[in-house]
Amino acid sequence: MWVSQRENIPLNIKLFKEAPTEYVDRVVQLARDNYTFKDDNDFTTEVLRHRIRLRYNGFRSTLSKHFRFNCGNDYDRALLNPPEEITNQEDWEFLCKHFSSDEFQKRSAQARKARSAQVLPHSNGPKSFSQTLHDRVLNGEPIDPVTMFEVTHEFKKCKDTTKCDEIK
């Protein structure tokens, strides 16, 4: 489905909510054409829209990381080094301008600061908490709240060990 998103939802917008509705509707329809849903109703449509938004934002985040880490936040260097996934140079130019804008840099710095202030970051990765719970049930492992908290949080990355010891 992501290939369809990449081909159908423009990258030259600041936020997903600015994407024209007809483009998002087209991707929803492509999903319906290619997959069978048990209950195909309004709720399914909302779930699809939500998943499309998450995938779109995730892809944009990947492009932002490319701009930041592979190109050193340098606009000119980034223009010469687009990611392989980008097929339209105009989209990449727009994204480079967006990623290097003061507004984006300010929000990015604010988010980095907030993440670094987390006392105890979760460590579940891309796996949902419910999937972790399900896997533990299947494997006969304990699923009490304390164990689940310990499994889904990284105590070794805890910045304030006294708080971590309190939590344990």
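Residue numbering for the sequence shown follows the UniProt record's numbering, starting at 1 and increasing by one per position. C-beta atoms are modelled at their ideal positions from N, C-alpha and C, and glycine is treated no differently. Predicted, not measured: the structure shown is a model, and the values here were computed from it.
With contact defined as three or more Cβ pairs closer than 8 angstroms, the stretch 83-99 and the stretch 24-43 are not in contact. About 6 angstroms separates the beta carbon of I52 from that of Q5, a gap short enough to meet the 8 angstroms contact definition. Membership of R77 in the alpha helix (DSSP H) is indicated by the continuous run Y75 to L80. The residue from G125, M148 and P83 with its alpha-carbon nearest to that of R136 is M148. For N57, the enclosing alpha helix (DSSP H) starts and ends at D42 to K65.
Rounded to the nearest angstrom, the gap between the Cα atoms of E7 and H153 is 37 angstroms.
With fewer than 16 other Cβ atoms from the protein chains shown falling within 10 Å of its own Cβ, H50 counts as exposed. By the beta-carbon neighbour count (other beta carbons within 10 angstroms, threshold 16), L138 is exposed.
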